[in-house]
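Numbering (the UniProt record's numbering), first residue to last: 1 to 207. Every residue gets a Cβ at the ideal spot worked out from N, C-alpha and C, and that includes glycine. Reading through the structure tokens given below for one structure.
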Ligand SMILES: Nc1ncnc2c1ncn2[C@@H]1O[C@H](COP(=O)(O)OP(=O)(O)OP(=O)(O)O)[C@@H](O)[C@H]1O
Ligand SMILES: Cc1cn([C@H]2C[C@H](O)[C@@H](COP(=O)(O)O)O2)c(=O)[nH]c1=O
């Protein structure tokens, strides 16, 4: 039996980690077996690459090098963690996945076709069954993240508002182009309200 693969996407601080945990609990309460994971990371090798990607100066990696590192981390994560969980019949909830590369590295000029080619090579093109795109008014997520991180941003959070606006626009383009896979979910309001919307966006997949 094969499980289902769900990714949660969106810009900085929109509530993906909060909602990944809440959604897992809601699905478990329905008797489903759920594996929770995240990117970059999720396997031993990918977590090591995460350290390289998240620390240091904004200019530590070029956009091309970054795209390769994310693809390498994802290849390990898919092989060691995601595919085995799916093959064991689990629902895999992943906090960020391929669409984050398309939005963040795409937003720095890396061609979408090149990112998809790397994904085809590294991860045999594995796509989520459903992607939940959390949306907030521009800037609201970055503000939440700034409060959470007490003003100390990582290599990506430290970039300016224009960059984050481009990331949001890229996610929107993906959602428009791949409406069968990607569902937008309003991330305003209480965590409880957002989880209820996420469950609605999965209703057609639930047993
Ligand atoms: N519905 C909500 N209302 C208000 N605050 C929230 C809500 N959901 C999450 N938060 C808070 O906003 C901050 C960012 O949430 P979270 O870490 O889940 O976002 P994220 O999308 O995973 O962030 P990142 O993009 O940095 O990984 C946290 O401090 C969290 O407690
Ligand atoms: C998967 C992925 C992530 N990023 C960026 C987006 C975020 O700023 C960080 C991850 O931080 P988080 O707090 O764990 O969300 O990495 C990216 O640029 N490209 C990617 O493929």
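Please report the residue range of the alpha helix (DSSP H) in which residue 20 lies. Taking the first residue of the chain shown as position 1, residue 20 is located at position 20. Its alpha helix (DSSP H) spans residues 16 to 29.
Residue closest to residue 131, alpha-carbon to alpha-carbon, out of 99, 121, 141: Your numbering for residue 131 matches position 131 in the chain shown. It is 99 whose Cα lies nearest to the Cα of residue 131.
Classify residue 74: buried if its beta carbon has 16 or more other beta carbons within 10 angstroms, exposed otherwise. Mapped onto the chain shown, residue 74 falls at position 74. Residue 74 comes out buried.
DSSP bridge partner residues for residue 5 (one or two, in chain order): Indexing the chain shown from 1 puts residue 5 at position 5. BP columns for residue 5 point to 92.
Could you tell me the distance, in whole angstroms, from the CA atom of residue 69 to the CA atom of residue 32? For the purposes of this step, residue 69 is identified with residue 69 of the chain shown, where counting begins at 1. For the purposes of this step, residue 32 is identified with residue 32 of the chain shown, where counting begins at 1. The straight-line gap from Cα to Cα measures roughly 33 Å.
For residue 47, verify whether its CB is less than 7 Å away from any heavy atom of ligand 1. Locating residue 47 in the chain shown gives position 47, counting from the first residue. Outside the cutoff, so no.
Shorter than 7 Å, the distance from the beta carbon of residue 38 to the closest heavy atom of ligand 2, or not? Here residue 38 refers to the residue found at position 38 of the chain shown. Under cutoff, so the answer is yes.
Exposed or buried, which one is residue 205 when buried takes at least 16 other CB atoms within 10 Å? The count along the chain shown starts at 1 and reaches residue 205 at position 205. Flag for residue 205 reads exposed.
Following the continuous beta strand (DSSP E) through residue 183, name the residue where it begins and the one where it ends. Within the chain shown, the letter at position 183 stands for residue 183. That run of the beta strand (DSSP E) goes 182 to 186.
Reduced DSSP category for residue 58 - H, G, I as helix; E, B as strand; rest coil: Here residue 58 refers to the residue found at position 58 when the chain shown is read from its first residue. Helix at residue 58.
Give the range of the alpha helix (DSSP H) segment to which residue 74 is assigned. As a first step, residue 74 is located in the chain shown; it is residue number 74 there, counting from the start. That run of the alpha helix (DSSP H) goes 63 to 77.
For residue 171, is the beta carbon positioned less than 7 Å from some heavy atom of ligand 2? Indexing the chain shown from 1 puts residue 171 at position 171. Distances taken from the Cβ of residue 171 to the heavy atoms of ligand 2 include none shorter than 7 Å.
For residue 17 versus residue 94, is the C-beta spacing smaller than 8 Å? To locate residue 17, count along the chain shown from 1; it is residue 17. To locate residue 94, count along the chain shown from 1; it is residue 94. Not in contact: residue 17 and residue 94 (Cβ atoms no closer than 8 Å).
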